[in-house]
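Chains as they are written, first to last, in the numbering used here: chain A, 31 to 384; chain B, -11 to 127; chain C, 10 to 157.
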C-alpha cells in the first residue's frame, strides 16, 4: 500500500497567482483530502470601508481584484446609487456595460493563457496574452490605464467615448472575435490539451448546486445561471445575449464555456457601441447617503459577485460586505480533487479561475 | 580577472522569482505581461523561475499582510547570494491604498531590504522593465 | 417568478415561521425569521422548494444586536432571510448539513464577528492570520491593535 503524505502547495508556488495555502493528503498519486487556508491576501477591506467616505472607499474597492477591478466598482456604485435613489443616465449604463464586457474578454483570455501554462502548453499562454493586449489597448485608450481603469463613479462614469474611439474599438473587436473562433477550435482539437482537461475535475450538476458554485464553473456543469440575465443591471436588459452552458462538467467544458463567452462578449460590446444612446455620462449625487440597505449583484468574469451595503445617513458606509465569486467556488475544490492525480491539481485549481 | 566575467554573466541572465505578498493581482499580471510577446523580457535574459533557490531577483508585488510576513522572510532567506529585491507597484513600495488596514503591515521593505522601487498602480510592464534594467546596471 | 409572487408562495407554505416580509424593488425580497426556526425554514427551502443556492451570509453589528442576513438566489429573485442575535449570546445552528455551500461563509462570519455556528465541522481560521488574538474586526467596538 502506498504511503500517505501531506503535501503543501503555497503560498509561494508557480501554479498559484495569489498566495493561498493548500494542504493535500495524498496516497501514492491520488489526492484524498484538501484543506484550504486563505488569509494571505486578506487586507481588511470591509472594515477599512467603514472608516472612509463612499468615494474614498471606491478606490479601495477597485483594488479588491486587479483582474476584475471594474466589476467591483460597478457593483459598489450601483448599490450606492440605489440607496441614494438616483437614476444613472443611459449612456453611462451602456459605457459601464461596455467596459464590463471588455473586462470579461481580457479576464477570460488571461485565464486561457494561465490554464494553458498549467497544462504545459506555454505557446497558448503566449498567444492568448498577446491577443489580450488588444483588449488592454482598447481599455487604455478609453480610460488611461490598462488595469484599474477608474471608469466608475457614484452617479455614472468618468469617461466618454468619441466617434473616432468607437470606430477604432470596432475594428479591434473583429480581430478578437476571429481569435476567439481560433481558440475554440484549438482547445477542442489539440490532443494534448484535450487529454489534460477532458474528464478532469468533474463536478456534477447536483453537486454544483449543493455547493453553491457560481459562474462558468457551474455553467459548465449545466446549471443555467447568469446574473446578467436573471437579475439585470446596467444596460443588460437592452443588450441581447446568450448564456453559455455546457454539460460535461470537467475542465475542458469550463474552457469551452469561457472561450464561447469571449465571442459573446465581443458581440455585446459591438451591439452596445452601435446603439450607444446620447446624453450625459454622470449625474450629481449627494455626499450623504440616506439610511437603508441594498444588495447589489453582478456577473463578474468568475461568477456571481454580491455586495451588501448599508447606509446610515452619513458620508461613510455603515457596512460593506463583499463576497467574491472565487470564494464561492473554493468550496468545490476539495470535492473536485478527491481521487484526482497530483498532476491534475494545478489544472483543477486553475479551472475555477482562482 | 574572473570577477568581471562573473559580473557580466550575472547581468546577462537575471532570473526572477515572482511573489505576490497579498496584493490585488494587478501588478502580478503586469509582470507576467512583461514575459509575453509584446514586451518579452526574455530578450534581456530574464527568466521566471519556480523556486527561490534558482532566483537572483525577487520581484515582489502587493502590500505585506500579517499572514504572509513569515513566508516572505523565509523565501528571501532561501535565495542564494547575491540577491536583490524589486518592489513593484505602490502597495509593495509603501502599502499603497491599503495603508492603515488592520491586516496590512505596509510595503515590502518592512520585512526585507529592497533594492529597487517601481511605483504605479499597477506599474506598467515598461516601468517594470525599466526598473529591472536600472537594477542590472548597478550590478 | 416575481419577488412578490415568491413571497406569497413562501408565506403560504411557511407562514407561521416568517415574521415580517417586504419587497423593496423587483428581484429583491426580505423576510425575518426567528433564530431557533432558521434551520427548519432553510430545510423547507432546500427540500420542498428546491432553493439551494446560498449566495453568502452577511453579518452586521448594529450596536444593539448582531444581524445575520442569508442571501438566497432563486431564478430571478435574490431573497434575504434576516435573523437577529443578541450581542452577548451570538450563537446559531449551522446550516452546513443542509447547505454545504455555507461552509466558508459561516467560518468568515465566525472569525470577523465572533458568531458561533453550532455544529460547524471545521471552524478553523479562514482569513485572519495565525495567532490573531486581537478580537473580531467587524464588531462596532473593535479597535485596531497597536502598531508593532
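A virtual CB, placed ideally from N, CA and C, is assigned to each residue, including glycine.
Note that the coordinates shown come from a computational prediction; the quantities given were computed from them, not determined experimentally.
query: Ends of the alpha helix (DSSP H) at residue 158/A?; result: 152 to 173
query: Find the residues of chain A that neighbour residue 33/B, judging by a C-beta separation of less than 8 angstroms, and give them in chain order.; result: Those do not exist, as residue 33/B stays about 18 angstroms from chain A at its closest Cβ, beyond 8 angstroms.
query: For residue 81/C, which residues of its own chain have a beta-carbon under 8 angstroms away from its beta-carbon, when the five flanking residues on both sides are left out?; result: 54, 60, 62, 63, 64, 87, 88, 89 and 90
query: Identify the continuous alpha helix (DSSP H) that holds residue 247/A and give its terminal residues.; result: 245 to 249
query: Under the DSSP definition of a beta bridge, which residues are partnered with residue 87/C?; result: 37/C and 82/C
query: What are the residues that DSSP puts in a beta bridge with residue 183/A?; result: 186/A
query: Compare the Cα-Cα distances from residue 33/B to each of 104/B, 73/B, 89/B and 2/B and report the closest residue.; result: 2/B
query: Per DSSP, what kind of secondary structure is residue 68/C in: helix, strand or coil?; result: strand
query: Which runs of the alpha helix (DSSP H) fall wholly inside the region 336 to 368 of chain A and span at least 4 residues, in chain order?; result: 355 to 360 and 362 to 367
query: With contact counted as at least three CB pairs below 8 angstroms, one residue from each stretch, are the region 168 to 176 of chain A and the region 233 to 249 of chain A in contact?; result: no
query: Which of helix, strand or coil does DSSP assign to residue 135/A?; result: helix
query: Go ahead and pull the three-state DSSP assignment for residue 157/C.; result: Unreliable positioning characterises residue 157/C in this predicted model, as indicated by a pLDDT of 45, which lies under 50. The coordinate reading is nonetheless provided below. Residue 157/C: coil per DSSP, three-state reduction.
query: So with CB distances below 7 angstroms, who are the chain B contacts of residue 69/A?; result: 55
query: Starting from residue -4/B and walking both ways along the beta strand (DSSP E), at which residues does that stretch end?; result: Unbroken run through residue -4/B is the alpha helix (DSSP H), -10 to 0; no beta strand (DSSP E).
query: I need the DSSP call for residue 330/A, collapsed to helix, strand or coil.; result: strand
query: Alpha carbon to alpha carbon, how far is residue 200/A from residue 105/B?; result: 38 angstroms
query: Less than 8 angstroms between the C-beta atoms of residue 28/C and residue 43/C, yes or no?; result: yes
query: Do the CB positions of residue 46/B and residue 67/B come within less than 8 angstroms of each other?; result: yes
query: Assuming the contact rule is C-beta atoms closer than 8 angstroms, residue 273/A and residue 328/A should be a hit. Round their C-beta distance to whole Å, please.; result: That pair is no contact at about 14 angstroms.
query: Starting from residue 118/C and walking both ways along the alpha helix (DSSP H), at which residues does that stretch end?; result: 112 to 122
query: Could you tell me which of 44/A, 310/A, 298/A and 321/A sits nearest to residue 6/A, measuring between CA atoms?; result: No answer is possible for residue 6/A: the residues shown for chain A start at 31 and end at 384.
query: Please work out which residues of its chain come closer than 7 angstroms, Cβ to Cβ, to residue 157/C, disregarding the five sequence neighbours upstream and downstream, and give them in chain order.; result: Low local confidence applies: a pLDDT of 45 at residue 157/C is under 50, so the model's placement there is unreliable, with the coordinate-based value given in what follows. Around residue 157/C: no qualifying Cβ.
query: Of all the CB atoms in chain B, is at least one closer than 8 angstroms to the CB of residue 265/A?; result: no
query: Taking only the alpha-carbon atoms, compute the straight-line gap between residue 356/A and residue 196/A and give it to the nearest angstrom.; result: 33 angstroms
query: My understanding is that residue 348/A touches residue 302/A, with C-beta atoms under 8 angstroms, so please give their C-beta distance in whole angstroms.; result: Their Cβ separation, rounded to whole angstroms, is 35 angstroms, which puts residue 348/A and residue 302/A out of contact at 8 angstroms.
query: Could you please tell me which residues of the region 91 to 114 of chain B, in chain order, have their CB closer than 8 angstroms to any CB of chain C?; result: 91
query: In its own chain, which residues sit with a C-beta less than 8 angstroms from the C-beta of residue 293/A, not counting the 5 before and 5 after it?; result: 207, 210, 211 and 214
query: What residues are listed by DSSP as bridge partners for residue 48/B?; result: 7/B and 75/B
query: Under the three-state reduction of DSSP, which class applies to residue 122/B: helix, strand or coil?; result: helix
query: Note down the Cα distance separating residue 160/A from residue 141/A, rounded to an integer number of angstroms.; result: 13 angstroms
query: For the beta strand (DSSP E) containing residue 64/A, name the first residue and the last one.; result: 60 to 67
query: With distance defined between alpha-carbon atoms, name the residue in 98/A, 51/A, 41/A and 69/A nearest to residue 383/A.; result: 98/A
query: Are any of the Cβ atoms in chain B nearer than 8 angstroms to that of residue 33/C?; result: no
query: Following the continuous beta strand (DSSP E) through residue 127/C, name the residue where it begins and the one where it ends.; result: 125 to 127
query: Give a yes or no on whether 8 angstroms exceeds the smallest Cβ distance from residue 81/B to chain A.; result: no
query: Pairing CB atoms from the region 38 to 54 of chain A with CB atoms from the region 50 to 61 of chain B, are three or more of them under 8 angstroms?; result: yes
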